[in-house]
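Enquirer: As given, the protein sequences belong to chains B and A, one line each in that order.
Each residue of the first sequence is one higher than the last, beginning at -19 in the numbering used here.
Each residue of the second sequence is one higher than the last, beginning at 125 in the numbering used here.
From the three backbone atoms N, C-alpha and C, an ideal C-beta is built for every residue, glycine too.
Every value quoted in this text rests on a predicted model; they were computed, and no experiment measured them.
First, the structure itself, so that you have it in front of you.
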Amino acid sequence: MPGPEPVTGQQLAAKVRSRAIPLLHDRDSKWADGTFRIVMLGCGIAVLALVGLIIYELITKGSLAWHAFGWKFFVGRDWDPVNDQFGALPFVFGTIVSSILALIIAIPLAVGVAVFITEISPPWLKGALAFTTELLAAIPSVIYGLWAIFIMVPLLRQYVQPWLAKTLGWTGLFEGPPYGIGMLAAGIILAIMIVPIISSITREVMTAVPQHQREAVLALGATRWEMIRMGVLRNARAGILGGIILGLGRALGETMAVTMVIGNRAEIARSLFAPGYTMASVIANEFSEATGNLYLSSLVEIGLALFLVTIVVNILAQFLVWTVTRGTPARAHG
Amino acid sequence: MASANSLSRPTDAAPQISLGRRLTDGLITLSTAGAVLLVLLPLGAIFAYLVYKGIGSLNWAFLTRTPKPVGEIGGGMANAIGGSVLILLIGSIVGVPVGIGAGIYLAEYGRNRFGDLIRFTADVLNGVPSIVIGIVAYGIVVLRQRHFSALAGGVALAIMMIPTITRATEEMLLLVPTAVREAAYGLGVARWRTTLSITLRTATSGVITGVMLAFARVAGETAPLLFTAFGNQYWNWNVNQPTAALPLQIFTYAISPFDEWHRQAWAGALILIILIVAAVSAVRYVAGRGMLKGAN
């Protein structure tokens, strides 16, 4: 802003009149204020209405399948559009197994990355590392899928799966022909995709732990790891759990990358090498080709189940993160 | 007393940490560094392959031609790039004003229970899987129109953009000092005018950041377009017709059995990631110049 210029009284009055008077007129337009408020309120209500609309659409369009099968829909193993028999168990199974597999792989990596960035890394490296891991979150799902099909799956087929079969084949989890595509591939690509979420939330809650907690543990003669374990991770654990659950929510609803590598076969197999199918993938693959109302309705009901589960998971996660970041860190018990 | 001794000779404290504890500490440090490397590995591999496989297939025809029939070499994704622009444009026209409006409501009028409800609902909406959004857009647009359309795809993307923009706008508006608003009120400026010309204006770069992030997030979305925009092998600028989109085309080509299409999928993915990284970098540039240019 330029400094005030010396002006004579008359000039100043003219300036004030020309600049301020149009604005001052606004005071009279009470209705304008009211209208503006109502329009903005309308936008806010639109957010509520959207969620309402989602629930309404899913329930009305899925009711046909609900009336036809009831709870049995989620325990039935047959998915046979030709005979109008729909059971969603293979998809529920595939979604749960691939997500849990992803969590098993992602949790240690994500927490490790968060610990390294917040507590260990030299300051000049922090920003770059944080940015790079968050870049992983910006890559579209379809590009993960493309990379997984052409690069990761062949590597799995040639090296990883034969090795797993040889060393851990006795568990029954790693047997059968190594196709490359299948539950294992889906779990790995999901893990890569949820690491950034878990690690960024973990970083957030670790940063929220007060500095004096660290200093107190260090003053007792702890090593750096003991300080991290007792001073930081223990205080932040509820938030870290929240981050993990948020990652789970993402993994449950993830569609494209999984659809491209899981094999898309509605079977329940013990081996992770076997192809599977998830709730999101079956919608992606069959929705636009679904003929018949019951078929379409069954797919919408799977969507409804997916919606409800991810909502519950996300709310739980946000609550857990909030308990840590609201200002007072969760107390350490035991 | 022992404590008196160690106080007088502080150097003795160091050897008290046993070898086992120091070893654990070192191992943990190493393994967290290893975790970082393991996470960066796929990131590096993805970008390396995108560039390596993509550059080779990228040519003028790819950017200017429509797809050739199966089995013929050549052709491109020009219609898919155009279709993505069309769908994103529709999504932004619908989503950005509503998102910013809801953000304004939350920041300026929403410090109450009802505001909390909207805030919570926006977070819920943010977590809804994109494929479910696709089902809803199918229900409210495609079923009414009786055919797939760019409009349906745009609506799906708009629904996904709104919560992100809402929360970002709210956050940015709250950063504007109350004194700035009070100064305007003091001059007799109406509240609506203060919000639009003073508060929102001050937070402009922050709000733009939020909008760009939402944009970057939906630009690569495929799942909600599968049964809304549907895809198209030809040019289409009619919002009521099925339209190709870059992510959709990448998906279709990637799962096809043809080498030529695989090649083009990589080129499309390279274009897509360049667009997204450009958007995110622009955000960082804008954000780096300071969220609140006019605040001081």
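Which residues share a DSSP beta bridge with P191/A?
Expert: Counted from its first residue, the second sequence places residue 191/A at position 67. Its beta-bridge partners are G199/A.
Enquirer: So, with DSSP's three-state summary, where would you put G243/B?
Expert: Numbered from its first residue, the first sequence carries residue 243/B at position 263. Correct three-state label for G243/B: strand.
Enquirer: Given a threshold of 16 other Cβ atoms within 10 Å of its Cβ, counted over all protein chains shown, does F299/B qualify as buried or as exposed?
Expert: Here residue 299/B refers to the residue found at position 319 when the first sequence is read from its first residue. Result: exposed.
Enquirer: Can you list, in chain order, the stretches of the alpha helix (DSSP H) that have 4 or more residues and sit fully within the region 202 to 253 of chain B?
Expert: Counting whole runs of 4 or more residues, the region 202 to 253 of chain B contains the alpha helix (DSSP H) stretches 204 to 207, 214 to 233, 236 to 241.
Enquirer: Which residues in chain A have a C-beta closer than 7 angstroms to the C-beta of D13/B? List them in chain order.
Expert: Indexing the first sequence from 1 puts residue 13/B at position 33. Correct list: A314, R315, W316.
Enquirer: Where do the N-terminal and C-terminal ends of the alpha helix (DSSP H) with V248/A fall, by residue?
Expert: Counting from one through the second sequence, the residue named residue 248/A turns up at place 124. Unbroken alpha helix (DSSP H) run through V248/A: 237 to 251.
Enquirer: Let's see if you can read the secondary structure: which residues bound the alpha helix (DSSP H) around F287/B?
Expert: Counting from one through the first sequence, the residue named residue 287/B turns up at place 307. Its alpha helix (DSSP H) spans residues 273 to 305.
Enquirer: Determine, using beta carbons only, whether G125/B comes closer than 8 angstroms to chain A.
Expert: Position 145 of the first sequence holds residue 125/B. True, the Cβ-Cβ gap to chain A drops below 8 angstroms.
Enquirer: Let me confirm a value: W302/B is counted as buried when at least 16 other C-beta atoms fall within 10 Å, else exposed. Which label applies?
Expert: Taking the first residue of the first sequence as position 1, residue 302/B is located at position 322. With fewer than 16 other Cβ atoms within 10 Å, it is exposed.
Enquirer: Span of the alpha helix (DSSP H) holding N364/A?
Expert: Stepping through the second sequence from its first residue, residue 364/A is reached at position 240. No alpha helix (DSSP H) contains N364/A, which DSSP labels as neither H nor E.
Enquirer: State yes or no: is the C-beta of G42/B within less than 8 angstroms of the C-beta of V280/B?
Expert: Here residue 42/B is taken as the residue at index 62 of the first sequence, counted from 1. Here residue 280/B is taken as the residue at index 300 of the first sequence, counted from 1. Yes, they are a contact pair.
Enquirer: Leaving out five residues before and five after A297/B in sequence, what residues of the same chain have Cβ atoms less than 6 angstroms from its Cβ?
Expert: What you label residue 297/B is simply residue 317 of the first sequence in a count that begins at 1. Result list for A297/B: G222, I225, L226, in chain order.
Enquirer: For a contact meaning CB atoms closer than 8 angstroms, what does E343/B contact in chain A?
Expert: The first residue shown for chain B is -19 and the last is 314, placing residue 343/B beyond what the model contains.
Enquirer: Output, in chain order, the set of chain A residues within a Cβ distance shorter than 8 angstroms of V93/B.
Expert: Translated into positions along the first sequence, residue 93/B becomes position 113. Under the 8 angstroms cutoff, chain A gives T156, A159, V160, V163.
Enquirer: According to DSSP, is Q138/B part of a helix, a strand, or is it coil?
Expert: The sequence position of residue 138/B within the first sequence is 158, counting from 1. Helix at Q138/B.
Enquirer: If the cut-off is 9 angstroms on Cβ atoms, which residues from the region 270 to 302 of chain A count as contacting chain B, listed in chain order?
Expert: Within the region 270 to 302 of chain A, the qualifying residues are F272, I283, I286, P287, T290.
Enquirer: I'd like to know if G225/A contacts chain B, where contact means its C-beta is closer than 8 angstroms to some C-beta of that chain.
Expert: By 1-based counting over the second sequence, the position of residue 225/A is 101. Yes, because at least one Cβ of chain B sits closer than 8 angstroms to the Cβ of G225/A.
Enquirer: Could you give the residue range of the alpha helix (DSSP H) that holds T112/B?
Expert: In the first sequence, the residue the question calls residue 112/B occupies position 132. Run containing T112/B: 103 to 118, per the alpha helix (DSSP H) assignment.
Enquirer: From A346/B to F53/B, what does the alpha carbon distance come to, in whole angstroms?
Expert: Any question about residue 346/B goes unanswered here, given that chain B covers just -19 to 314.
Enquirer: Mind checking which residues open and close the alpha helix (DSSP H) that includes L281/A?
Expert: Sequence index remark: in the second sequence, residue 281/A carries index 157 (1-based). 274 to 299 is the extent of the alpha helix (DSSP H) around L281/A.
Enquirer: Is DSSP giving A128/A helix, strand or coil here?
Expert: Here residue 128/A refers to the residue found at position 4 of the second sequence. Reliability fails at A128/A, whose pLDDT of 43 lies under 50, so the model's placement of it is uncertain and no value is given.
Enquirer: With a Cβ-Cβ cutoff of 8 angstroms, do V133/B and I161/B count as a contact?
Expert: As a first step, residue 133/B is located in the first sequence; it is residue number 153 there, counting from the start. As a first step, residue 161/B is located in the first sequence; it is residue number 181 there, counting from the start. For V133/B and I161/B, yes; Cβs fall inside 8 angstroms.
Enquirer: Work out the CA separation of Q138/B and E114/B for me, nearest whole Å.
Expert: Position 134 of the first sequence, counted from the start, is the residue given in the question as residue 114/B. Position 158 of the first sequence, counted from the start, is the residue given in the question as residue 138/B. Each residue's Cα considered, the two are about 30 angstroms apart.
Enquirer: Mind checking V194/A: buried by the 16 CB within 10 Å criterion, or exposed?
Expert: Here the question's residue 194/A lines up with position 70 in the second sequence. The residue is exposed, with fewer than 16 neighbouring Cβ atoms inside 10 Å.
Enquirer: Starting from L249/A, find everything on chain B with Cβ-Cβ shorter than 7 angstroms and list it in chain order.
Expert: The count along the second sequence starts at 1 and reaches residue 249/A at position 125. What L249/A touches in chain B: V27, L30, V31.
Enquirer: Out of curiosity, what's the CA-to-CA distance linking K192/A and I332/A?
Expert: For the purposes of this step, residue 192/A is identified with residue 68 of the second sequence, where counting begins at 1. For the purposes of this step, residue 332/A is identified with residue 208 of the second sequence, where counting begins at 1. So the two alpha carbons sit approximately 39 angstroms from each other.
Enquirer: I need the straight-line Cα distance from M285/A to V279/A, nearest angstrom please.
Expert: Within the second sequence, numbered from 1, the residue matching residue 285/A stands at position 161. Within the second sequence, numbered from 1, the residue matching residue 279/A stands at position 155. Spanning the two alpha carbons is a distance of roughly 10 angstroms.
Enquirer: Within 10 Å of its beta-carbon, does V220/A have 16 or more other beta-carbons around it, so buried, or fewer, so exposed?
Expert: Position 96 of the second sequence, counted from the start, is the residue given in the question as residue 220/A. Buried.
Enquirer: Terminal residues of the continuous alpha helix (DSSP H) containing I314/A?
Expert: Here residue 314/A refers to the residue found at position 190 of the second sequence. Reading the sequence as shown, one finds Ala at residue 314/A and not Ile. Neither: A314/A is in no alpha helix (DSSP H) and is coded neither H nor E.
Enquirer: Flag I282/B as yes when its Cβ comes closer than 7 angstroms to any non-hydrogen atom of the ligand NAD, and as no otherwise.
Expert: Among the components modelled here there is no ligand, and therefore nothing to report on the ligand NAD.
Enquirer: Applying the 10 Å Cβ sphere with the 16-neighbour rule, what's the burial state of G74/B?
Expert: Here residue 74/B refers to the residue found at position 94 when the first sequence is read from its first residue. So G74/B counts as buried.
Enquirer: Report the option in G334/A, V342/A, A303/A whose CA atom is closest to the CA atom of T323/A.
Expert: Translated into the one-based positions of the second sequence, residue 323/A becomes position 199. Ranking G334/A, V342/A, A303/A by Cα distance to T323/A puts A303/A first.
Enquirer: Along chain A, which residues have their Cβ under 9 angstroms away from the Cβ of F267/B?
Expert: Here residue 267/B refers to the residue found at position 287 when the first sequence is read from its first residue. Within 9 angstroms Cβ-Cβ: I255, G258, I259, Y262, L350, F351.
Enquirer: Measuring only between beta-carbons, confirm whether Y233/A sits less than 8 angstroms from chain B.
Expert: For the purposes of this step, residue 233/A is taken as residue 109 along the second sequence, with counting starting at 1. Closer than 8 angstroms: yes.
Enquirer: Any Cβ of chain A within less than 8 angstroms of the Cβ of T187/B?
Expert: Along the first sequence, read from residue 1 onward, the residue named residue 187/B stands at position 207. So no, T187/B is outside the interface.
Enquirer: Pull up the distance between the alpha-carbon of A327/A and that of G180/A, whole angstroms please.
Expert: Your numbering for residue 327/A matches position 203 in the second sequence. Your numbering for residue 180/A matches position 56 in the second sequence. Using only the alpha carbons, I get a separation of about 43 angstroms.
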